[in-house]
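Trainee:
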Amino acid sequence: MPARRRGRPGLTPQGMRGDGRPLPRHLRRTKIVATLGPASEDLETMARMIEAGMDVAR
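Just so we're aligned, residue 0 is where the sequence shown starts under numbering that gives the first Met the number 0, counting upward by one.
(1) Anyone know if the C-beta pair for residue 22 and residue 52 falls short of 9 angstroms?
(2) Near residue 54, what residues of its chain come up, given a Cβ to Cβ distance below 8 angstroms and the 5 sequence neighbours on each side ignored?
(3) So, using beta-carbon positions, are residue 35 and residue 57 closer together than 9 angstroms?
(4) Terminal residues of the continuous alpha helix (DSSP H) containing residue 47?
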């Protein structure tokens with residue numbers, strides 16, 4: 000007997016839609032906290048992190 004899939008259809012365990020886009024913030028149950036460093040200090044990288052769903056930066 001195959002394992003039964005749990006959760007909402009079209010969502011992966013990482014909280015992403017089946018097409019790879021993050022869930023809207025009001026549907027997520029967690030916050031994404033990012034630590035900024037040398038690899039993420041330019042504005043373009045920070046903008047991409049925000050678009051990907053980052054909630055808080057430290």
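Just so it is clear, CB atoms sit at the ideal spot from N, CA and C, and this is done for glycine as well.
Mentor: Straight from the coordinates:
(1) yes
(2) 24, 30, 31, 32
(3) Result yes, Cβ atoms of residue 35 and residue 57 sit closer than 9 angstroms.
(4) 42 to 50
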